[in-house]
Amino acid sequence: MPMYFCPLYSGSSGNALFCQYGSTRVLIDAGKPGRAGEEALKGIHVDPESLDALLVTHEHSDHIAGVGVLARRYGLPVYATRGTWTGMGQKIGKIPPELCREITAGRDFYLGELGIQPFPIPHDAADPVGFRLWGGQLSVSTATDLGHFPQSVYERIAGSDLILLESNHDPDMLRANPHYNAQLKQRILGQRGHLSNESCARALLYLIGAGTGTVILGHLSGENNTPELAMQVSSEALRREGIQSGRDVLLQVALRDRTGKVYTLQERNNA
Ligand SMILES: [Zn+2]
Ligand SMILES: [Zn+2]
Numbered sequence: 001m002p003m004y005f006c007p008l009y010s011g012s013s014g015n016a017l018f019c020q021y022g023s024t025r026v027l028i029d030a031g032k033p034g035r036a037g038e039e040a041l042k043g044i045h046v047d048p049e050s051l052d053a054l055l056v057t058h059e060h061s062d063h064i065a066g067v068g069v070l071a072r073r074y075g076l077p078v079y080a081t082r083g084t085w086t087g088m089g090q091k092i093g094k095i096p097p098e099l100c101r102e103i104t105a106g107r108d109f110y111l112g113e114l115g116i117q118p119f120p121i122p123h124d125a126a127d128p129v130g131f132r133l134w135g136g137q138l139s140v141s142t143a144t145d146l147g148h149f150p151q152s153v154y155e156r157i158a159g160s161d162l163i164l165l166e167s168n169h170d171p172d173m174l175r176a177n178p179h180y181n182a183q184l185k186q187r188i189l190g191q192r193g194h195l196s197n198e199s200c201a202r203a204l205l206y207l208i209g210a211g212t213g214t215v216i217l218g219h220l221s222g223e224n225n226t227p228e229l230a231m232q233v234s235s236e237a238l239r240r241e242g243i244q245s246g247r248d249v250l251l252q253v254a255l256r257d258r259t260g261k262v263y264t265l266q267e268r269n270n271a
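Residue numbers are given in our numbering: position 71 of the sequence shown equals residue 71, and the series is strictly consecutive.
As structure tokens, this is what we get:
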């Protein structure tokens, strides 16, 4: 049975990722108003009514702007850590109590045919998580909003067939950005901020070494990065190690405002 994954949109301006295994369909984050999420899902022929759940990584607005509307409109259960629920507070409006589900970083759970592991990430939110989702022998991991890439995150996501990894900014572009004050720059560059192109490229080498075949660079900054630059930094790092994008690994960029392609992952030995 294949697994499907699609970055509906990814970037500092909003994030939503779709994943399906068997008949189980989930959305990770809904970081633009509800209508944008519906449009993006329709763009890949997924009826929002057919979703089983909404998983939330953390309470920053680029991850939750559409959570309340989608949950209420489609009766979707929302899964988030206790800290994230507290952080979201009134920002997502009232969610009927029967749709509120609390999860714990490090504790696996199942949703239909999908196994789900939330894991802690170093980010300046209350209790932020990344997710590893698996079905059969296939797995997909998402790790964005990371100030750095610790061994603990590596251990959670290594060996996934597909990984969406943050490649947020170019540190020089960020430092030179006249629209960001010193405090904001420090926050982004900090250990609980966002992952730079260079740090992403270093992490990629380890992850590809551990067998990952598809890597999507995501959560790009609109002001302090470009898709071309993110791609260039990572593919050059791979090239230096003799790894060629397109031959040894599939390396792509998720765009901020265009629905990405639907990736189909197949089990290696189909019975
Ligand atoms: Zn964040
Ligand atoms: Zn974010």
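Beta carbons are placed, not taken as given, at the ideal position from N, Cα and C, and that holds for glycine.
Give me the Cα-Cα distance between residue i and residue j, rounded to the nearest whole angstrom.
{"i": "L27", "j": "I92", "result": "16 Å"}
{"i": "G68", "j": "G87", "result": "14 Å"}
{"i": "M3", "j": "L41", "result": "16 Å"}
{"i": "T81", "j": "Q151", "result": "22 Å"}
{"i": "D108", "j": "P178", "result": "43 Å"}
{"i": "A271", "j": "G135", "result": "Residue placement at A271 is poorly supported in this model, since its pLDDT is 48, which falls under 50; the coordinates are not used for a value here."}
{"i": "D161", "j": "H123", "result": "24 Å"}
{"i": "C200", "j": "N225", "result": "13 Å"}
{"i": "G222", "j": "A230", "result": "12 Å"}
{"i": "I163", "j": "N15", "result": "15 Å"}
{"i": "L220", "j": "M1", "result": "31 Å"}
Go ahead and pull the three-state DSSP assignment for residue i.
{"i": "V78", "result": "strand"}
{"i": "I103", "result": "strand"}
{"i": "Q151", "result": "helix"}
{"i": "P48", "result": "helix"}
{"i": "A271", "result": "Confidence in A271 is poor, its pLDDT being 48 and thus under 50, which makes the residue's placement too unreliable to answer from."}
{"i": "S13", "result": "coil"}
{"i": "T226", "result": "coil"}
{"i": "K84", "result": "At residue 84 the sequence reads Thr, which differs from the Lys that was named. Helix at T84."}
{"i": "Y180", "result": "coil"}
{"i": "S221", "result": "coil"}
{"i": "H169", "result": "strand"}
{"i": "R258", "result": "coil"}
So who's on the other strand from residue i, going by DSSP bridges?
{"i": "Q20", "result": "Y4 and R25"}
{"i": "I163", "result": "S141 and V215"}
{"i": "Q252", "result": "I216"}
{"i": "I116", "result": "F109 and L133"}
{"i": "L54", "result": "L27 and V78"}
{"i": "S272", "result": "Outside the shown range of the chain, which is 1 to 271, sits residue 272, and nothing can be said about it."}
{"i": "Y206", "result": "Partner(s): none; Y206 has no beta bridge."}
Q) For the region 13-22 against the region 202-212, are there 3 or more C-beta pairs whose distance is under 8 Å? A) no
Q: Collect the residues with a C-beta less than 5 Å away from any heavy atom of ligand 1 and give them in sequence order along the chain.
A: H60 and D145
**Q.** Touching by the beta-carbon criterion (3+ pairs, under 8 Å), the region 48-66 and the region 113-128
**A.** yes
(Q) Taking contact to mean 3 or more Cβ pairs, one atom from each stretch, closer than 8 Å, check whether the region 93-101 and the region 72-80 are in contact. (A) yes
**Q.** Three-pair Cβ contact test at 8 Å for the region 7-19 versus the region 242-255
**A.** yes
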